[in-house]
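Just below is one structure, and these are the notes that go with it.
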Amino acid sequence: MVVNQTQLAEILGVSYPTVRRYVKNGMPYLEKGAAGAGQSYEFDAGECVQWLIKFKLDEQTTQSQPDDQDPNANTAKELQRRKLQAETEIVEIELAKKKGLVVLIEDAVACISDSVATVRAQLLNLPRRAAPLVVGETDEGTVKDTLEHEVDEILQELHKGAIGRADELTNSD
1 MVVNQTQLAE ILGVSYPTVR RYVKNGMPYL EKGAAGAGQS YEFDAGECVQ WLIKFKLDEQ
61 TTQSQPDDQD PNANTAKELQ RRKLQAETEI VEIELAKKKG LVVLIEDAVA CISDSVATVR
121 AQLLNLPRRA APLVVGETDE GTVKDTLEHE VDEILQELHK GAIGRADELT NSD
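In this note's numbering, the protein residues as written are 1 to 173.
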């Protein structure tokens with residue numbers, strides 16, 4: 001998913017300046033924003049999350065090891081700490097899912113794909129749906145009113161469908 005710097009900060013739960021610091025530390029980006037031109041960086045959110053996980057793990061490993069210790073050697077205590085941290089994060093993610101605060105990316109992509117397909121189908125069907133209602137009509141105002149009514153009905157149907165899919169995502173376990 002391509003996002004800008006503000007959206008990435010929101011996804012990662014960090015501030016805008018923190019994202020800038022991550023970029024300076026090597027976070028991958030798709031397009032560099034031009035300083036002073038009002039253009040923002042563009043990021044692949046998935047790649048950035050993977051980079052951040054590796055960055056944080058490397059950072060923790062570096063901080064937790066004395067200078068004379070082999071960086072590749074893991075003590076039992078360090079492995080236990082990392083295991084506990086991973087288990088804690090899994091529990092927190094599951095809790096956030098149950099509260100409806102997060103959804104799986106695959107579920108969101110499927111929902112958006114379904115919505116786009118529905119919008120496309122409804123728009124392609126609009127001429128067939130509206131033509132019989134306006135055939136022979138000579139008053140421009142009546143034609144516009146009829147078309148506006150049909151578009152409003154389509155939008156209401158799409159809205160109901162989107163609400164239903166959102167409910168399915170937040171209530172699925």
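Here a beta-carbon is modelled for each residue, glycine too, at the ideal position from N, C-alpha and C.
Scanning G26, A166 and D44 for the CA closest to the CA of Q5 turns up D44.
For the options Q122, R165, T88 and A9, the alpha carbon positioned closest to that of D152 is the one of Q122. Residues V19, F43, A45 and C48 of the same chain have their beta carbon placed closer than 7 angstroms to that of L8, with the five preceding and five following residues left out of the count. For the options C111, L101 and E150, the alpha carbon positioned closest to that of N125 is the one of E150. C-alpha of I154 to C-alpha of K56: approximately 47 angstroms in a straight line. At least 8 angstroms separates the beta-carbon of Y22 from that of Y41. S115 places its beta carbon 8 angstroms or farther from that of A166. Cβ-Cβ distances below 8 angstroms link L52 to L12, Y22 and M27 in the same chain, with the five nearest sequence neighbours on each side left out; the list follows chain order. Where E31 is concerned, there is no enclosing beta strand (DSSP E), because DSSP gives it neither an H nor an E.
In this chain, the alpha helix (DSSP H) harbouring N125 covers I105 to V134.
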